[in-house]
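Residue numbering for the sequence shown follows our numbering, beginning at 34 and increasing consecutively. Backbone N, C-alpha and C define an ideal beta-carbon position, used for all residues, glycine too. For reference, the structure is listed below as structure tokens.
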Amino acid sequence: MATHGITSIPTTDGLLGTAIAISPDGNFVCGWDNQFAFFASGWIVNLDDSLISDCYITCPQDIYDVSLTGPKAINYSISTTCAAHPNASLVLASGLPSGSLFPIGTTLVVHNLVDTNGTVLNTCSFTVNLTDTYCNPSNVNTSIEPITLVNMADINNVSSVSSILDYEDFTNIIGNVEIDSSYTATFQGNTGGVFDDFFRVYIDWNQDGTFSDVDEVYDMGSITNSTGLDTIHTSGTITVPSSALVGQTTMRVIKNYLDYTTSPCLVSSGYGQTEDYTLNVTSNPNGIESITAAAIQFFPNPATDVLNINSPSIVNSISISNVLGQEVLQTNTHASFNQVNVSSLPAGIYL
34 MATHGITSIP TTDGLLGTAI AISPDGNFVC GWDNQFAFFA SGWIVNLDDS LISDCYITCP
94 QDIYDVSLTG PKAINYSIST TCAAHPNASL VLASGLPSGS LFPIGTTLVV HNLVDTNGTV
154 LNTCSFTVNL TDTYCNPSNV NTSIEPITLV NMADINNVSS VSSILDYEDF TNIIGNVEID
214 SSYTATFQGN TGGVFDDFFR VYIDWNQDGT FSDVDEVYDM GSITNSTGLD TIHTSGTITV
274 PSSALVGQTT MRVIKNYLDY TTSPCLVSSG YGQTEDYTLN VTSNPNGIES ITAAAIQFFP
334 NPATDVLNIN SPSIVNSISI SNVLGQEVLQ TNTHASFNQV NVSSLPAGIY L
């Protein structure tokens, strides 16, 4: 205390006892002296700005970010003001510098402002919180009006009209899509009576863990007065953008009462449901949306030994099934002209 101009303490034992409070500006400290509680005297000390530093560090707010692929580069900025010590320097005391690859989880970052003698003049801290999951979808009122059908690409999921869950995780169901291709998506659901429910689809094409980009949102229209078990449905077109990354990503479907939901993390009206699916994005080397059956040549037909398949596009795999839908032959390839040995198959009709 003497270093701050306080040289004497007028209490019975010369001690202040325990402080109990400090003012918001840091100038006033108060407490009780070291006596029996009933007789203890109160005290207050005015530090008169003696503890306030003229050197400041301005840290960012705590940072929250998402990465589905592991550590991610996080940038932040820190500013300092220290007229009394113009040669003071900023020292990283804990955590990682700006631009570093931060790990999944919470990292505490601490910076000190240090003078030329190594004395810490001021300090600041913040956390970098990096998650590897999407935002948790929720329903503000938890009034569930279930989605009962999502049909797109290889996805054809019929879910329960009696569901009591505001969120259903169907990411084990995978739809295969190609870049620069378009797909019709169809949806059904229970509207809870004579009401309008709107379907909005979010797809994380750039796989950054968010659905914030403008080309990641698709409005699919609405349904009215549906039980979820009738034929009432809505359909729309989803086009995979050229900028989409190859690999698996998440498609989120939100059904919302009265209007499209305002957030990919929320059934904003309080009436509806959210479902997540997985899309497997592949490249389309020719930039074409589809190849008609007539454009692919199969010969000879019927075939007894070798079946020739000539396609205008690269074929990645060939699968042959019997009339029961059972796969009887599968081969991987990467060519537009392929020959498949079918001599081991019994005579019959195959797809």
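Look up residue i in the DSSP assignment and say whether it is helix, strand or coil.
| i | result |
| --- | --- |
| E308 | strand |
| E249 | helix |
| Y109 | coil |
| C88 | strand |
| E211 | strand |
| D202 | strand |
| H144 | strand |
| S344 | strand |
| E360 | strand |
| C165 | In the sequence as displayed, the identity of residue 165 is Asp instead of Cys. It is coil, neither helix nor strand. |
| A327 | The predicted position of A327 is uncertain, since its pLDDT is 49 and thus under 50; a value taken from the coordinates is nonetheless stated next. It is helical. |
| I321 | With a pLDDT of only 47 at I321, under 50, the local geometry of the prediction cannot be trusted, and the value read off the model is given with reservation. Looking at I321 - three-state DSSP - the assignment turns out to be coil, as it is neither helix nor strand. |
| S301 | coil |
| L134 | strand |
| P379 | coil |
| G222 | strand |
| I265 | coil |
| A35 | Low confidence applies to A35: its pLDDT is 45, below 50, so where it sits in the model is not reliable enough to give any reading. |
| F332 | strand |
| N386 | In the structure as shown, the chain begins at 34 and stops at 384. Residue 386 is therefore absent and cannot be evaluated. |
| G103 | coil |
| L48 | coil |
| I197 | coil |
| N174 | coil |
| T114 | strand |
Please identify the residue among the options whose C-alpha is closest to the C-alpha of residue i.
| i | options | result |
| --- | --- | --- |
| D213 | D252, Y251, S316 and I111 | S316 |
| T181 | P333, Q306 and Q359 | Q306 |
| N349 | P333, T366, E360 and D229 | T366 |
| I55 | F72, W76, I329 and D46 | W76 |
| D241 | H266, G103, I96 and I382 | G103 |
| S376 | V62, N79, H118 and L362 | L362 |
| S259 | W238, D229 and S352 | D229 |
| T114 | D87, Y97 and S133 | D87 |
| S171 | L299, G261 and N209 | L299 |
| F244 | G64, D98, Y89 and N67 | D98 |
| G208 | D187, S302, T219 and T217 | D187 |
With respect to the beta strand (DSSP E) encompassing residue i, which residues constitute its N-terminal and C-terminal limits?
| i | result |
| --- | --- |
| W76 | G75 to N79 |
| F232 | D229 to I236 |
| V62 | F61 to W65 |
| T51 | T51 to I55 |
| L125 | S122 to S127 |
| N461 | Since the first residue of the chain shown is 34 and the last is 384, residue 461 is not available in this structure. |
| Y293 | Premise fails: Y293 is in no beta strand (DSSP E) and is neither H nor E. |
| V183 | I180 to M185 |
For residue i, which residues does DSSP report across the bridge?
| i | result |
| --- | --- |
| N365 | S350 |
| D98 | L163 |
| Q281 | N313 |
| F370 | N343 |
| T15 | Residue 15 cannot be examined here, being either before or after the span of the chain that is shown, 34 to 384. |
| S255 | F231 |
Inset, instruction - Decide yes or no for the touch test of the stretch 165 to 178 against the stretch 186 to 201: beta carbon pairs closer than 8 Å, at least 3 of them. - result: With a cut-off of 8 Å, the stretch 186 to 201 and the stretch 165 to 178 count as touching, because enough Cβ pairs lie within range.
Inset, instruction - Count the CB pairs spanning the stretch 275 to 284 and the stretch 156 to 165 that are closer than 8 Å, and state whether there are at least three. - result: No, the stretch 275 to 284 does not touch the stretch 156 to 165.
Legend entry - Touching by the beta-carbon criterion (3+ pairs, under 8 Å), the stretch 214 to 227 and the stretch 247 to 266: Touching, yes, given that three or more Cβ pairs across the two stretches are closer than 8 Å.
Inset, instruction - Taking 8 Å as the threshold, find out whether the stretch 107 to 125 comes into contact with the stretch 139 to 151 through three or more Cβ pairs. - result: Result yes; three or more Cβ-Cβ pairs closer than 8 Å.
Legend entry - Contact the stretch 230 to 241 vs the stretch 283 to 303: 3+ CB pairs below 8 Å: The stretch 230 to 241, when compared against the stretch 283 to 303, does touch it at the 8 Å Cβ threshold.
Legend entry - Touching by the beta-carbon criterion (3+ pairs, under 8 Å), the stretch 205 to 219 and the stretch 262 to 275: Yes: at least three Cβ pairs fall under 8 Å.
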